[in-house]
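Protein chains in written order, with UniProt numbering: chain V, 1 to 284; chain U, 1 to 284; chain E, 1 to 284; chain C, 1 to 284; chain A, 1 to 284; chain B, 1 to 284; chain D, 1 to 284. Think of the CB as a built atom: it goes at the ideal place given N, C-alpha and C, for glycine as much as any other residue.
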Amino acid sequence: MNLFEDGFQINLTEITELLITVGLKILLLLIAFAIIAPIGRKAISGAINRISRHRKIPEPRTKTLERLTINLFSYIMMFVFVVMLLEMVGIPIGPLLAGAGIVGLAIGFGAQGLVSDIVTGFFILIERQVDVDDYVTAAGYDGVVEEVGLRTTKLRGFDGTLHYIPNREISGVSNHSRGNMRAMIDIGIAYDENIEEAVAVLQRVCDDFAANDERIKEGPDVLGVQTLGSSDIVLRVLGKTTNMEQWGVERDLRKAMKEALDAAGIEIPFPHQVYIEKQGNAEA
Amino acid sequence: MNLFEDGFQINLTEITELLITVGLKILLLLIAFAIIAPIGRKAISGAINRISRHRKIPEPRTKTLERLTINLFSYIMMFVFVVMLLEMVGIPIGPLLAGAGIVGLAIGFGAQGLVSDIVTGFFILIERQVDVDDYVTAAGYDGVVEEVGLRTTKLRGFDGTLHYIPNREISGVSNHSRGNMRAMIDIGIAYDENIEEAVAVLQRVCDDFAANDERIKEGPDVLGVQTLGSSDIVLRVLGKTTNMEQWGVERDLRKAMKEALDAAGIEIPFPHQVYIEKQGNAEA
Amino acid sequence: MNLFEDGFQINLTEITELLITVGLKILLLLIAFAIIAPIGRKAISGAINRISRHRKIPEPRTKTLERLTINLFSYIMMFVFVVMLLEMVGIPIGPLLAGAGIVGLAIGFGAQGLVSDIVTGFFILIERQVDVDDYVTAAGYDGVVEEVGLRTTKLRGFDGTLHYIPNREISGVSNHSRGNMRAMIDIGIAYDENIEEAVAVLQRVCDDFAANDERIKEGPDVLGVQTLGSSDIVLRVLGKTTNMEQWGVERDLRKAMKEALDAAGIEIPFPHQVYIEKQGNAEA
Amino acid sequence: MNLFEDGFQINLTEITELLITVGLKILLLLIAFAIIAPIGRKAISGAINRISRHRKIPEPRTKTLERLTINLFSYIMMFVFVVMLLEMVGIPIGPLLAGAGIVGLAIGFGAQGLVSDIVTGFFILIERQVDVDDYVTAAGYDGVVEEVGLRTTKLRGFDGTLHYIPNREISGVSNHSRGNMRAMIDIGIAYDENIEEAVAVLQRVCDDFAANDERIKEGPDVLGVQTLGSSDIVLRVLGKTTNMEQWGVERDLRKAMKEALDAAGIEIPFPHQVYIEKQGNAEA
Amino acid sequence: MNLFEDGFQINLTEITELLITVGLKILLLLIAFAIIAPIGRKAISGAINRISRHRKIPEPRTKTLERLTINLFSYIMMFVFVVMLLEMVGIPIGPLLAGAGIVGLAIGFGAQGLVSDIVTGFFILIERQVDVDDYVTAAGYDGVVEEVGLRTTKLRGFDGTLHYIPNREISGVSNHSRGNMRAMIDIGIAYDENIEEAVAVLQRVCDDFAANDERIKEGPDVLGVQTLGSSDIVLRVLGKTTNMEQWGVERDLRKAMKEALDAAGIEIPFPHQVYIEKQGNAEA
Amino acid sequence: MNLFEDGFQINLTEITELLITVGLKILLLLIAFAIIAPIGRKAISGAINRISRHRKIPEPRTKTLERLTINLFSYIMMFVFVVMLLEMVGIPIGPLLAGAGIVGLAIGFGAQGLVSDIVTGFFILIERQVDVDDYVTAAGYDGVVEEVGLRTTKLRGFDGTLHYIPNREISGVSNHSRGNMRAMIDIGIAYDENIEEAVAVLQRVCDDFAANDERIKEGPDVLGVQTLGSSDIVLRVLGKTTNMEQWGVERDLRKAMKEALDAAGIEIPFPHQVYIEKQGNAEA
Amino acid sequence: MNLFEDGFQINLTEITELLITVGLKILLLLIAFAIIAPIGRKAISGAINRISRHRKIPEPRTKTLERLTINLFSYIMMFVFVVMLLEMVGIPIGPLLAGAGIVGLAIGFGAQGLVSDIVTGFFILIERQVDVDDYVTAAGYDGVVEEVGLRTTKLRGFDGTLHYIPNREISGVSNHSRGNMRAMIDIGIAYDENIEEAVAVLQRVCDDFAANDERIKEGPDVLGVQTLGSSDIVLRVLGKTTNMEQWGVERDLRKAMKEALDAAGIEIPFPHQVYIEKQGNAEA
């Protein structure tokens, strides 16, 4: 508030001098940081890569650590930069943070979200809930992890979109890259068909796959009659595949099963409807 | 804020020395923890297994206890580590936690979520709401429990996904692994059929199952006419099976009932519709 | 924080001695509680059963009281145990609870949920909103009450699932076991039929049930034309039955009514549609 | 915390004496309250009934007042009982309530819900939003009011379920028992029919009802063409009836109108569809 | 807490005397208020009516003011009554309100809702968002305003239900009684018809209405082709009517337009479907 | 609380005198404000209109400013009035606002909503998010802005309803009156038709419009095949029009395109279905 | 509150003088700011453009920086203006902000939202989550970024609407302009067709596109059988395109594939249904 203390009698020369001094200091600061920042980043990147080669840390974990450390380093640099800048223009950061007036209160509330982000991010990292390149669902977003930062997590969606999620929004994480995945197919046959015959035909397809397809880890097996639908009897087939191969396996199984049922003359029915004609009375 | 007290006249040698001393201390600390941690984990694991063999504690409970204790041990190690680390670089943790400024407030709010996690987790464990390998529904996630930690519960979903759920998100737990489960089938017969005959046919299938299938614990029985549908009369069959066998029993019952109805010549109808043709007037 | 006061010069022998002393104390405590707890539970159970036999308290209420008292006893034992344990390892519980620093604040917020649980549980019990074996809906869960604790209520769902509900989640309770229940059937007849005749046929079925079925407490009666549907005229039948028998009565009524309408030659119509053929123009 | 002050040297005789003295006191207290409570309730019930007969207060209001006063009396008794009990076992209630430590804070938050209940309940009563036997919708529950307490409102649902609603959950009350209710029927006629003729037929039915049915307070009248549906022209009929008779009147009107339209040869149409056959090309 | 200070040695005579004295005072108070209240209400009602006749204030505003003032007067009377009553039985209201213990905190939180009600109610009144007899939508309720109180707003729903809405629940008000209302009709013609001809026919109906119907304020006009539906071309007609007459005008327009289209031989089509018969292969 | 200090010995004459004095003061105040208020409003209105004519401020902005300033003036007048009134009857506003007791707390919470309204309103105005006569969507309401006040925004809905929205409810504003608007039409052609021919026909219509219709600002152009529907191939047409003309342009385009496709003999298909007759077996 | 200290004896001349002095000062202030503001904005705009030309900063980033800096400059100007204005009329801003009474509390809560806006906006900018001209989804709004301010983000929706989003509402950002985008087409073929042949036909179309279309970055490829639909076998085609070209590519692919399937005689089927005629019994 200093600037307005004596109303309109502001001394122009003094202000100009002040502006120049401060401006020069800021310039120096900018240059210093512009030099230090990239060097720091490279040093971190190099160090982490060297260590992980030595200790054979798996690659996704290395990537996660690298990006996180650089992310952390950037925030610290920024924080130091802002503190130095504010002190240069004469705003001491300490009292501001300690002050308990309205400004302090408002900042405290604003910072609360930031602290939530960091605390959540910290536990996501420490409990290794996600690694870079994992396919996860979090906070209603679906995608492959590009970076796990202290404040924000970045997911690359299936359609190419990049999602930025503040960590505080992440209440639960579903990680789709931790172990074998389920392949499941529900296939309908006509009510006229022999169920046992159809099961046998489908099971033969399953056994073929189990024998010849390296992506398959368990099963697949025909479980039995899942539903008595309105026009078909639905049979369920279930297996396990290596991670991220479940969709491919399901697509291949669907094609093979359709062809096997065709070959065995077993009908996959269209929707059915029974028609009763009523001639006399067209009125309700 | 010490580092910036005297602006740009920072003594490089002093900083270097400081960095080296601190660096060495951190290294020693890292090594110490890298040695103690795995030993501690093994000791805990061994002790729990020995005790549970002695006292014949059921296996799921042993697993739950083992994972929880290791989880707890890890958090304590981490906490001790962070405290020692912070003291080495000259940040005393005590005053920081006690301080009531903005930073303290923000940390307090952030920690609130953590305390909620721990309190909820504590009661989930002490009231034995879940054990490892139970099939549960919690916080909108469905799956088999892999670990119940103080802060996070891990569920393995049916499709292979691993769900990480912060305990505070768990408002109610539905445990599907506590006792016999219901097998229920709704089967539709045509409006033309004799209801009593159909009930008798289905009850015969039920009695066969009750007599010959070890998975069945109660019933199954035909309860009667559940709905008068738009095209069929829906009969309900209800029984109880051993835990996790309900789906298999339902599938087997469905197949047997469909075949029994076919054998008895009782129709499971397709959707029906009555058609009235109106020739004269094609206009509304 | 005592342990880290003098950095790395920790005296190993002292620590070992300390660990042994504390360990022994904890062991004694564990044994003491392992003996007292089951005795206490049996004593409580016995006392309550004796009293309720004397004073002819209905069985569900006795069960509720018994489980609640044991539940309460367990929590008090646990609380005493934790307090003694903490004092043994040198953490006085009093100051911790009274302290108003960040830790205190965080604990206070965490405890808030617990207090909500207890307050709600207390009123559920004192207002007798539920008894053990009641069929209730609460917090979106449906089931038969297995236990009403101070903190948690347990419901056994219809499909066999056991639901654990923290009492604070229970905002309103729907108790389905307090008095006679409604049996209601909506049955559709064709637009061609005589409404009065159909009502008479259905009322005759109702009167038969009212005369011969002990489960029925009021009615059932045919109320009249509930809806003029798109293909049928819907008649509503309403009655009251003894508690939990409503579904059985509805099923039996449905069967009897269907058969009575068949016998009287009154049609229950399939969906109808009027078809108008338009030959000339196949284009929109 | 007194009990654990001197660790394991607890004097058994002292504890036994203490337990007996306290036990006797509690017994006396229990007996005293078991005598006073029912007497108080009867006195209240009698007094209110006498007064309301004198001053000709309508019956629902009398019921509401009676149940509320008894409810209030019970809570006061309970409060006095708990205070006396706590003082007997040496826990003074005053300091506990005044204390501002964590326990106090937690209790304060827990009590907040209770105060909300009472404040809301107080205004529901004083603004006479509901009386016992009113049919109301509140907090998503539907039913007839059985009791309006300070903390909880009890509704008897249409299906016989008893709903317990904490007053704080009641954000708005819809009282269906305050004045005449609407009877509304939407009836569809065929597009071929003459609208004016149909309106005349329906209005004649309405006039019959208005003249002969005591339940009817206003109308009913045919308002006109409410919708041009996909298969029918929907006419709306609207009237007012005495409270709770609206459904009966609607059912009777529906029957009478259907029969009147039949008699006048006006069609209530089934869903219509125009079919265009296309022979040459079965492919999309 | 005074009553229980000396345990069981309560002096019965003293209590009796006290009860009689207090009882008499309360009786006097009750009588005083029973006399003052109705007089006050009448005085207020008379005064407001006289003033509004003088100053020609529109009737709805007068009603609003009258009901509000009486409502306000009742609350003040009640407040005075409660304060006097509490002081009679020895509970001073001042310290209770000022006290900052748990009780005070709880009351403060409870009162918060009440203050919200009053603040919102105050602005609804001062900004004249609603008047008595306005048709409004607020807080999810629909109806005609019966009373706007400081705490509660009463709406009479279309079906006769009386809705009590605490003002705090009202986040936005939609007032349907402020100015002319829209009449809008979407009418479908067959794809075979000439659009321009149909528009001309409908516009002629509109012009007739505009010329002869006093309820119409703007238009109505045919805007053009609103949608190309699956079976019909939808034309939109739009106009403005005097308030609350929009439904009547819409109904009359619908009838007139249907008859005009019939007269001009323009088809309002039923849903259409093209059928392609496929004979050879009944299998999917 | 002064009034009740000495119980029932209230001096009637003193009260009467007091009432008369205060009454007179209030009357004077009322008259003063009744004179000042309209003069102030006219002065403001005149001043703003004069300035905006001088500086050629666009009309909507002028209207916004005028209504806002009057709105602001009214609130200030009201505030001054209330303060003076309270001081007349002896309630000093200063201490009341500064007091930190329960009343103060409650008022503070109540006022919080008001402050939120004003802060949000302030930014809506200063960022010029809306002007009077803009068509906007905010807080779930749709309409033309009638007034933007500090506390409330008024929208006139399309159906004539006047919406009052407290500014705090406005979380995001969608302003439909800032720039040209999109006209988009999806039109389906039969699977048998030649896509390129249809695109050419539609593009010719678009070019006609682009050449001859002044409302059009960009395009319209046929983009291509948007969907392969179940019965038709959907082509999308996209253009830009002057603000608020988008619906008119869309309606005119729809009509022109339908007629152009008719002229070119390209079919807009009804829903299609392939029928397979199955004679032998009427059973599922 | 000064103005009302001595009731009605306000000295008119003094007020007039005061008003004139203050008025003049405000006028001077207004003029000063009216001159400084546009100059400042131009200077900023010029400086940023010069720097970014020098350092070859990409254009969207330049635009973002320019608009942000001007936005920031405007807010600072405004803040300075308000502070000076308030001091002129004698309201010191410092004490007001520091005051902890009710007004202070209310302002603090109100300001909380503003701080949230700024904190969130700050991180959106610093983490470069969006740039001007990016196509993003945030807070439920969809559109192209027009400006990212400290408090508000402006999106231009696809239909031309301008969305103003307070930054605090933005919980997660989906940026659709960061990298190549997915083109995905699901196309159904008849159950009679040979799957492998159809895949070959579609893959040939894909290869053509991959070879000749510059917009395509990866694929497109036919993945296989995605679903066995009720009337068709759905094949999925997947590829990557340059950003914002995905819709164009999808439209072109759809047309080419439809034509290729036509050329190869492979049917894209309409919905199928199997009809079973039942003659004897028209009753349910």
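Any C-beta of chain D under 8 angstroms from that of residue i
i        : result
V:Arg178 : no
Assumed close pair residue i, residue j - CB separation to whole angstroms, cut-off 8 angstroms
i        : j        : result
E:Leu253 : E:Val237 : 7 angstroms
B:Asn167 : B:Thr153 : 6 angstroms
C:Val22  : C:Met88  : 6 angstroms
U:Tyr164 : V:Gln129 : 5 angstroms
Contact with chain B by residue i, beta-carbon distance below 8 angstroms
i        : result
A:Gly224 : yes
A:Val144 : no
Interface flag, residue i vs chain C, CB-CB below 8 angstroms
i        : result
E:Gln129 : yes
Interface flag, residue i vs chain U, CB-CB below 8 angstroms
i        : result
V:Gln203 : no
V:Gly172 : yes
Backbone CA spacing between residue i and residue j [nearest angstrom]
i        : j        : result
A:Pro58  : A:Val132 : 11 angstroms
B:Lys258 : A:Leu202 : 19 angstroms
V:Glu197 : E:Phe158 : 35 angstroms
V:Thr16  : U:Thr16  : 39 angstroms
U:Val148 : U:Glu169 : 14 angstroms
V:Met255 : U:Ile76  : The amino acid at residue 255 of chain V is misidentified as Met; the sequence shows Lys. Roughly 53 angstroms separates the two Cα atoms.
V:Val82  : U:Met78  : 31 angstroms
C-beta neighbour in chain A for residue i, strict 8 angstroms
i       : result
B:His54 : no
CB contact check: residue i to chain H, cutoff 8 angstroms
i        : result
U:Phe270 : This model lacks chain H altogether; the protein chains it does include are V, U, E, C, A, B and D.
Residue i in three-state terms, based on DSSP
i        : result
V:Gln273 : strand
V:Leu150 : coil
E:Asn175 : strand
C-beta neighbour in chain V for residue i, strict 8 angstroms
i        : result
D:Phe209 : no
Proximity of residue i and residue j at Cβ, strictly below 8 angstroms
i        : j        : result
V:His272 : D:Val274 : yes
B:Arg251 : A:Gln112 : no
C:Tyr141 : E:Gly140 : no
Beta carbon proximity, residue i to chain E, threshold 8 angstroms
i        : result
U:Leu253 : no
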